[in-house]
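Peer 1: I am attaching a structure below and will ask some questions about it afterwards.
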Amino acid sequence: KEFAPASYSPVSGLFFVPGINFCTTHLTTRTDYKPGTPFVGDTLGFSPDFNLSASPTSPSFTYPVPGGGTYTSRSNGELIAWDPVNNNKKWSIAESLPLWGGVLTTAGNGKADSGLVFYGTLDQNFKVVSTAGGSPLYTKQLEGGILGNPISFTDNSGHQKIAVFTGVGWLPAMFSGKKCPGVLHIF
6 KEFAPASYSP VSGLFFVPGI NFCTTHLTTR TDYKPGTPFV GDTLGFSPDF
56 NLSASPTSPS FTYPVPGGGT YTSRSNGELI AWDPVNNNKK WSIAESLPLW
106 GGVLTTAGNG KADSGLVFYG TLDQNFKVVS TAGGSPLYTK QLEGGILGNP
156 ISFTDNSGHQ KIAVFTGVGW LPAMFSGKKC PGVLHIF
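In short: position in the sequence shown from 1, add 5, done, that's the working numbering.
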């Protein structure tokens, strides 16, 4: 779990958590701030490559390698439906890149299986899935990676809208390989 907000649905009784599945190392050392450059305040290392045999149930992705062959790696992101009462994962959706944006849930019609989960990915997809089991209901490819937290609001005519902000910078762009200017999308 990172700093992006999770969402709790009192109707389903689940937390929906944007997960980041990679290890980091922090080494506290003297660091000097240089204006205009990314600044973390320590020496930071990332290790997205996992030993799949040590964690065989972890979702994984197989990627083509230039020149032929493939490379298999554990997923770097995961949307997790977490049951806080029973302290277990109910379901999850593996994503190839870390989920750095937040999650929004709606109540649907008030029945436990009718809610929706909204989230975005660094590979530019805005997704809507069912709270009941993560069934995909809608996917829209946008022009950039999604770091924004989806929000819900009512417009002047009384219609419910969903908005999300796209645009990635320094660290998330390292994973997606793409930077883009910020754009607000309203659905």
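Using N, Cα and C, we set each Cβ at its ideal position, and we do this for glycine too.
Quick test of your reading: E83 and S97, contact by CB under 8 Å. State the CB separation rounded to the nearest angstrom.
Peer 2: For the purposes of this step, residue 83 is identified with residue 78 of the sequence shown, where counting begins at 1. For the purposes of this step, residue 97 is identified with residue 92 of the sequence shown, where counting begins at 1. Indeed, because the Cβ distance is near 5 Å, the residues count as touching under 8 Å.
Peer 1: Let me know the secondary structure DSSP gives W105 once reduced to three states.
Peer 2: Residue mapping note: residue 105 aligns to position 100 of the sequence shown, counting from 1. If DSSP states are grouped into helix, strand and coil, W105 belongs with coil.
Peer 1: Could you pull out every residue in the same chain whose Cβ sits closer than 8 Å to the Cβ of G139, ignoring the five residues on either side in sequence?
Peer 2: Counted from its first residue, the sequence shown places residue 139 at position 134. Around G139: L84, A86, W96, S97, I98, V122.
Peer 1: Quick one: using the 10 Å Cβ neighbour count with 16 as the cut-off for buried, is Q208 buried or exposed?
Peer 2: As shown, the chain starts at 6 and ends at 192. That puts residue 208 outside it, with no answer to give.
Peer 1: Determine the DSSP secondary structure at V16, reduced to helix, strand or coil.
Peer 2: If you number the sequence shown from 1, residue 16 lands on position 11. Three-state result, V16: coil.
Peer 1: Going by beta-carbon coordinates alone, are G150 and A9 separated by less than 8 Å?
Peer 2: Residue mapping note: residue 150 aligns to position 145 of the sequence shown, counting from 1. Residue mapping note: residue 9 aligns to position 4 of the sequence shown, counting from 1. It is not a contact, given that the beta carbons lie outside the stated cut-off.
Peer 1: Who pairs with P23 in a beta bridge, going by DSSP?
Peer 2: Numbered from its first residue, the sequence shown carries residue 23 at position 18. In the DSSP output, where bridge partners are listed per residue, P23 has L84.
Peer 1: Considering N130, what are the terminal residues of the beta strand (DSSP E) in which it resides?
Peer 2: To locate residue 130, count along the sequence shown from 1; it is residue 125. Residues 130 to 135.
Peer 1: Determine the DSSP secondary structure at G41, reduced to helix, strand or coil.
Peer 2: By one-based count along the sequence shown, residue 41 stands at place 36. In the structure shown, G41 sits in coil (DSSP, three-state: anything other than H, G, I, E or B).
Peer 1: Which residues share a DSSP beta bridge with V169?
Peer 2: As a first step, residue 169 is located in the sequence shown; it is residue number 164 there, counting from the start. DSSP, once it has assigned bridges, lists H190 as partnering V169.
Peer 1: Is it buried or exposed, L189, if we count other Cβ atoms within 10 angstroms and call 16 or more buried?
Peer 2: The residue labelled residue 189 in the question sits at position 184 within the sequence shown. Result: exposed.
Peer 1: Determine whether the beta carbon atoms of V173 and L127 lie at a separation below 8 Å.
Peer 2: The residue given as residue 173 occupies position 168 in the sequence shown. The residue given as residue 127 occupies position 122 in the sequence shown. It is a contact, given that the beta carbons lie within the stated cut-off.
Peer 1: CB A117 to CB S17, shorter than 8 Å?
Peer 2: For this step, residue 117 is matched to residue 112 along the sequence shown. For this step, residue 17 is matched to residue 12 along the sequence shown. Yes, the pair counts as a contact, with Cβ atoms nearer than the cut-off.
Peer 1: Are N130 and T144 touching if we call contact CB-CB under 8 Å?
Peer 2: Within the sequence shown, residue 130 is the residue found at index 125, counting from 1. Within the sequence shown, residue 144 is the residue found at index 139, counting from 1. Yes, they are a contact pair.
Peer 1: Sort out for me which residues DSSP pairs V122 with in a bridge.
Peer 2: Here residue 122 refers to the residue found at position 117 when the sequence shown is read from its first residue. In DSSP, V122 forms a bridge with T110, V134.
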